[in-house]
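Accompanying notes for the structure given below.
2 protein chains.
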Amino acid sequence: MVLIVQKYGGSSVADAASIKRVAKRIAAARRAGDEVVVVVSAMGDTTDELIELARQVTPLPPSREMDILLTAGERISMSLLAMAIANLGVAAHSFTGQQAGVITDTVHGKARIIDVTPGRIREALDSGAVAIVAGFQGVTQYTNDVTTLGRGGSDTTAVALAAALDADVCEIYTDVDGVFTADPRIVPTARRIDRITYEEMMEMAASGAKVLGLRCVEYARRYGVPVHVRSSFSGREGTLVTDELEEEDIVEEPIISGVAHDRSEAKITVVGVPDVPGKAARIFEVVATSGVNIDMIVQNVSAAATGLTDISFTLPATDGQVATAALTAAQPEIGYASMQYDDTIGKLSLIGAGMRSHPGVSAKLFSALSRAGINIEMISTSEIRISVVTSADHLDDAVRAVHSAFDLDSSEGEAVVYGGTGR
Amino acid sequence: MVLIVQKYGGSSVADAASIKRVAKRIAAARRAGDEVVVVVSAMGDTTDELIELARQVTPLPPSREMDILLTAGERISMSLLAMAIANLGVAAHSFTGQQAGVITDTVHGKARIIDVTPGRIREALDSGAVAIVAGFQGVTQYTNDVTTLGRGGSDTTAVALAAALDADVCEIYTDVDGVFTADPRIVPTARRIDRITYEEMMEMAASGAKVLGLRCVEYARRYGVPVHVRSSFSGREGTLVTDELEEEDIVEEPIISGVAHDRSEAKITVVGVPDVPGKAARIFEVVATSGVNIDMIVQNVSAAATGLTDISFTLPATDGQVATAALTAAQPEIGYASMQYDDTIGKLSLIGAGMRSHPGVSAKLFSALSRAGINIEMISTSEIRISVVTSADHLDDAVRAVHSAFDLDSSEGEAVVYGGTGR
Chain A
1 MVLIVQKYGG SSVADAASIK RVAKRIAAAR RAGDEVVVVV SAMGDTTDEL IELARQVTPL
61 PPSREMDILL TAGERISMSL LAMAIANLGV AAHSFTGQQA GVITDTVHGK ARIIDVTPGR
121 IREALDSGAV AIVAGFQGVT QYTNDVTTLG RGGSDTTAVA LAAALDADVC EIYTDVDGVF
181 TADPRIVPTA RRIDRITYEE MMEMAASGAK VLGLRCVEYA RRYGVPVHVR SSFSGREGTL
241 VTDELEEEDI VEEPIISGVA HDRSEAKITV VGVPDVPGKA ARIFEVVATS GVNIDMIVQN
301 VSAAATGLTD ISFTLPATDG QVATAALTAA QPEIGYASMQ YDDTIGKLSL IGAGMRSHPG
361 VSAKLFSALS RAGINIEMIS TSEIRISVVT SADHLDDAVR AVHSAFDLDS SEGEAVVYGG
421 TGR
Chain B
1 MVLIVQKYGG SSVADAASIK RVAKRIAAAR RAGDEVVVVV SAMGDTTDEL IELARQVTPL
61 PPSREMDILL TAGERISMSL LAMAIANLGV AAHSFTGQQA GVITDTVHGK ARIIDVTPGR
121 IREALDSGAV AIVAGFQGVT QYTNDVTTLG RGGSDTTAVA LAAALDADVC EIYTDVDGVF
181 TADPRIVPTA RRIDRITYEE MMEMAASGAK VLGLRCVEYA RRYGVPVHVR SSFSGREGTL
241 VTDELEEEDI VEEPIISGVA HDRSEAKITV VGVPDVPGKA ARIFEVVATS GVNIDMIVQN
301 VSAAATGLTD ISFTLPATDG QVATAALTAA QPEIGYASMQ YDDTIGKLSL IGAGMRSHPG
361 VSAKLFSALS RAGINIEMIS TSEIRISVVT SADHLDDAVR AVHSAFDLDS SEGEAVVYGG
421 TGR
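Okay, here's the thing in structure tokens:
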């Protein structure tokens with residue numbers, strides 16, 4: 001007997017018909033003899049509708065109340081799914097994050113799981129029932145307040161439960177067939193990846209690939225939970241995210257796993273910073289103190305004549321206002337000349353564990369971009385990733401050029417659907 | 001400083017605009033220096049929409065899952081209301097039934113409150129905040145499963161919290177101006193009742209008056225909680241339900257409080273029952289064992305020649321199928337000839353504590369009905385109530401005739417609106 005944790009996203013349970021379809025898949029898994037725990041997101045657009053209701057009531061909803069509001073969505077989907085499974089003659093019990101023992105810190109809106117005590121889930125499984133668990137939510141340790149885990153939170157719930165229950169696999173059902181070598185909406189010839197390491201998947205997620213959240217993959221790696229990303233709309237095998245590749249896979253391991261892209265960042269350039277020790281550090285301190293995470297940094301070589309330098313960095317565009325306000329307030333102290341803000345940038349990342357041992361990867365990347373006439377504004381690298389910032393206009397062309405240059409194009413087309421709520 | 005528990009029904013929080021309107025009323029009460037606890041129902045039609053979703057998924061939703069589904073409605077309304085109050089600069093925290101300490105038995109769908117431990121509510125009040133509590137829901141004592149309290153459950157939540165917090169008054173806000181001498185849709189000249197005793201209010205509720213639930217009034221009487229029923233759409237005083245009337249009220253106490261009516265019952269007549277000891281008792285045992293509550297009973301005088309008698313009783317029409325099936329199964333054992341089922345009946349009830357000491361009330365009632373040409377099928381009485389069953393067709397005429405005969409008509413008209421979800 002195998003213990004499977006399955007997670008279904010909002011697009012897989014968008015309406016009564018979808019819920020009944022998913023229920024059939026779950027009932028079949030249970031009837032095949034497996035123990036099944038299901039983590040479910042809110043139905044389709046429920047979350048957006050609740051956010052809109054909050055907006056109608058107040059421009060500044062308190063985060064504690066916002067979390068209570070949003071978690072109503074999963075209560076609805078989880079109870080309906082349990083009903084639909086029961087209607088097929090398979091026992092099913094639904095559990096809130098609290099009932100499932102998902103304990104978090106107290107940061108409303110993006111809480112982190114600090115413990116999972118799934119006693120009631122284990123009991124339900126022992127009684128032969130399927131356990132349905134509300135994704136995206138938990139409860140604080142001492143005050144029993146409801147929290148939400150932020151974007152991709154349901155994936156994290158699923159992996160955390162899989163770890164706590166020592167599950168054999170965590171299946172993430174979504175509306176695409178798995179993880180692709182690039183976004184198929186931009187690169188129609190993108191291939192589905194059969195297997196990928198946690199490390200590479202983390203770089204993909206951090207670089208803008210939306211199919212799995214970064215936290216979820218971090219959690220899976222820490223606890224060694226195999227994650228199978230697959231479509232709830234087909235019976236196909238998807239992408240297995242795992243610790244190590246099989247012996248045979250290593251032999252055939254491609255140098256490059258895929259090309260990720262990200263349009264959600266912006267670039268701030270601080271112009272005319274006095275080139276004296278501590279000034280650059282002070283800029284990043286000011287930004288960090290305002291609660292903003294910086295991604296890439298470039299400091300130009302100082303012009304000796306002026307003793308001034310320019311510093312550019314990227315950050316989530318949603319934090320742009322906070323960061324520029326903090327820097328403006330610190331201008332007298334830091335003594336920079338001016339500041340530029342650009343939210344029309346795009347980031348392309350090439351990811352692959354194989355690039356560790358294969359020199360020449362970056363040369364090939366830059367020559368592909370150059371041949372396509374694309375200007376590079378910033379560069380950053382890790383052992384298994386190279387990222388470049390381009391103008392947003394050129395990002396799609398850049399992704400296609402790089403995807404081709406590294407022979408990632410598939411010979412056969414795959415039917416894929418994109419969408420989903422990201423919970 | 002006074003502690004007020006306010007309860008708002010679904011029609012009072014039907015949309016964002018209504019929520020903001022109610023928030024202003026609550027903020028004003030808090031600013032006036034009172035401690036305020038608010039119990040809130042689900043928004044407008046939310047409950048009906050959730051029930052419809054469940055119906056689309058399965059014809060027989062398990063009651064545990066149904067309770068989880070339905071309680072999502074109050075999570076949405078309570079968090080939105082807390083946000084709207086916070087937006088007016090008044091601190092507000094929302095609490096689920098569980099967080100508010102509403103402990104119930106395990107009967108899903110119509111659980112009974114067995115304890116209320118409002119420690120977190122008390123803390124919120126001590127911190128100066130308004131506490132918003134989800135109505136209609138509780139949690140089981142040992143398993144922490146979510147339960148709902150059934151029809152009128154939010155009123156019961158409000159009264160139970162008022163009792164546990166030793167509140168000065170429990171205000172039930174609804175879409176009518178209070179309790180009326182009859183349903184104003186049937187009797188346009190019906191008067192609002194200023195004060196009414198728990199006892200009379202219980203008879204009104206049990207006889208079909210929908211403005212307050214029976215359980216809620218029972219609870220209020222047991223703990224001596226004064227209940228003020230009033231409209232959330234006006235600033236007028238409503239009806240005070242209280243332990244005893246004031247000295248001056250007793251002097252002017254009217255004989256009759258009001259006329260209630262009920263269309264929700266049906267009548268079963270068991271024809272040709274052998275008139276031997278134990279047969280009638282057996283009929284009621286069979287019905288009781290099927291879980292059905294009987295209201296009124298009439299046994300005809302036995303026809304000596306045949307040794308057979310007829311027995312009629314009324315019951316909720318929703319239980320008609322269960323009861324007739326149970327009786328049909330028991331026909332060989334009981335040996336009755338046939339059974340008749342009639343769901344086109346109506347029940348009129350005249351209620352008033354004054355009728356205890358005023359003879360002639362029943363004579364006046366029967367003569368009024370007789371003058372109006374209305375046939376009486378069954379009669380039952382208590383110390384402060386007389387109920388009669390008529391045909392459903394004649395019920396409205398009967399209510400108007402009795403209302404007039406007891407001088408309950410108002411000289412001035414009152415603007416009232418009916419509706420609401422009954423939660």
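Residue numbers (full-length UniProt numbering), protein chains in the order written: chain A, 1 to 423; chain B, 1 to 423.
The beta-carbon is built from N, C-alpha and C at its ideal position, and this holds for glycine as well.
{"Query": "In the DSSP output, which residue or residues are listed as bridge partners for Ile-351/A?", "Result": "Gly-258/A, Arg-385/A"}
{"Query": "Report the neighbours of Val-57/B on chain A: residues whose CB is nearer than 9 Å to its CB, in chain order.", "Result": "Ala-16, Ile-19, Lys-20, Ala-23, Leu-80, Leu-81, Met-83, Ala-84, Asn-87"}
{"Query": "Span of the beta strand (DSSP E) holding Met-339/A?", "Result": "338 to 342"}
{"Query": "Excluding sequence positions up to five away, which residues of its chain have a Cβ less than 7 Å from the Cβ of Gly-420/A?", "Result": "Note that Gly-420/A scores 38 on pLDDT, short of 50, meaning its location in the model is unreliable; the coordinates nonetheless yield the value given after this. If we look at Gly-420/A and ignore the five residues flanking it on each side, its Cβ neighbours are Gly-9, Gly-10, Ser-11, Thr-174, Asp-175."}
{"Query": "Where does the unbroken beta strand (DSSP E) through Tyr-8/B begin, and where does it stop?", "Result": "3 to 8"}
{"Query": "Please list the residues of the stretch 95 to 109 of chain A that have a C-beta atom closer than 7 Å to any C-beta atom in chain B, keeping them in chain order.", "Result": "Gln-99"}
{"Query": "Could you tell me the boundaries of the beta strand (DSSP E) in which Gly-138/B lies?", "Result": "137 to 140"}
{"Query": "Between Gly-291/B and Arg-195/B, what straight-line distance do the alpha-carbon atoms span, to the nearest angstrom?", "Result": "36 Å"}
{"Query": "Counting only the same chain and skipping the five closest in sequence on each side, list residues whose C-beta sits under 6 Å from that of Tyr-223/A.", "Result": "Ala-163"}
{"Query": "Let me confirm a value: residue 472/B is counted as buried when at least 16 other C-beta atoms fall within 10 Å, else exposed. Which label applies?", "Result": "Within the shown structure, residues of chain B are numbered from 1 to 423, placing residue 472/B beyond reach of any answer."}
{"Query": "Can you tell me which of Ala-160/A, Ala-72/A, Val-133/A, Gly-73/A puts its alpha carbon nearest to the alpha carbon of Ile-104/A?", "Result": "Here the sequence assigns Thr to residue 104/A, which means Ile is not the residue at that position. For Thr-104/A, the nearest C-alpha among the options comes from Ala-160/A."}
{"Query": "Closer than 6 Å by C-beta to Arg-221/A: which residues in its own chain qualify, once you throw out the five before and the five after it? Chain order, please.", "Result": "Tyr-198"}
{"Query": "Which residues in chain A have a C-beta closer than 8 Å to the C-beta of Leu-71/B? List them in chain order.", "Result": "Looking at the sequence itself, residue 71/B is Thr, so the reference to Leu does not match. Within 8 Å Cβ-Cβ: Arg-75."}
{"Query": "If you follow the alpha helix (DSSP H) that residue 425/B is part of, which residue opens it and which one closes it?", "Result": "There is simply no residue 425/B to check, as chain B begins at 1 and stops at 423 in what is shown."}
{"Query": "So for Phe-406/A, helix, strand or coil by DSSP?", "Result": "coil"}
{"Query": "Please report whether the beta-carbon of Arg-64/A lies at a distance below 9 Å from any beta-carbon of chain B.", "Result": "yes"}
{"Query": "For the stretch 24 to 37 of chain B against the stretch 79 to 88 of chain B, are there 3 or more C-beta pairs whose distance is under 8 Å?", "Result": "yes"}
{"Query": "Could you name the residues of the same chain whose beta carbon sits closer than 8 Å to that of Ala-401/B, not counting the 5 residues immediately before and after it, in chain order?", "Result": "Ala-368, Leu-369, Arg-371, Ala-372, Ile-374"}
{"Query": "Within a Cβ cutoff of 7 Å, which residues of the same chain sit near Leu-214/B, ignoring the five residues on either side of it in sequence?", "Result": "Met-202, Ala-205, Ala-206"}
{"Query": "Please list the terminal residues of the continuous beta strand (DSSP E) segment that includes Ser-367/B.", "Result": "Taken as a continuous stretch (DSSP letters only), Ser-367/B belongs to no beta strand (DSSP E), being part of the alpha helix (DSSP H) at 361 to 371."}
{"Query": "Between which two residues does the alpha helix (DSSP H) carrying Ile-172/B extend?", "Result": "Not the alpha helix (DSSP H): Ile-172/B falls in the beta strand (DSSP E), residues 169 to 174."}
{"Query": "Residues of chain A with CB under 9 Å from Ile-26/B, in chain order?", "Result": "Neighbours of Ile-26/B on chain A: none; closest Cβ ~13 Å, over 9 Å."}
{"Query": "Can we say the stretch 52 to 61 of chain B touches the stretch 128 to 135 of chain B, given the rule of at least three CB pairs closer than 8 Å?", "Result": "no"}
{"Query": "Opposite Ser-154/B in the DSSP bridges: which residues?", "Result": "DSSP, once it has assigned bridges, lists no residue as partnering Ser-154/B."}
{"Query": "Closest to Arg-151/A by C-alpha separation, out of Pro-188/A, Ile-172/A, Ala-111/A, would be which residue?", "Result": "Ala-111/A"}
{"Query": "Near Ser-264/B, what residues of its chain come up, given a Cβ to Cβ distance below 8 Å and the 5 sequence neighbours on each side ignored?", "Result": "Gly-208, Pro-316, Ala-317, Thr-318"}
{"Query": "Kindly indicate if chain B contains any beta-carbon less than 9 Å away from that of Val-286/A.", "Result": "no"}
{"Query": "According to DSSP, simplified to helix, strand and coil, what is Arg-230/B?", "Result": "strand"}
{"Query": "Under 9 Å, do Leu-70/B and Ala-42/B count as touching if we go by C-beta distance?", "Result": "yes"}
{"Query": "Within this structure, are the beta carbons of Thr-96/B and Gln-137/B separated by less than 9 Å?", "Result": "yes"}
{"Query": "Spatial neighbours of Cys-216/A within its chain, please: C-beta separation below 7 Å, excluding the five flanking residues on both sides.", "Result": "Gly-152, Asp-155, Thr-156, Val-159"}
{"Query": "Are Ala-392/A and Ile-345/A closer than 9 Å when you measure CB to CB?", "Result": "yes"}
{"Query": "Using a Cβ-Cβ cut-off of 6 Å (strictly less than) and excluding sequence neighbours within five positions of Phe-284/B, which residues of its own chain qualify?", "Result": "none"}
{"Query": "Could you please give the first and the last residue of the uninterrupted beta strand (DSSP E) stretch that includes residue 432/A?", "Result": "The first residue shown for chain A is 1 and the last is 423, placing residue 432/A beyond what the model contains."}
{"Query": "Asn-144/A versus chain B: which residues are under 7 Å apart at the beta carbon?", "Result": "Gln-99"}
{"Query": "Are the C-beta of Ile-283/A and some C-beta of chain B separated by less than 9 Å?", "Result": "no"}
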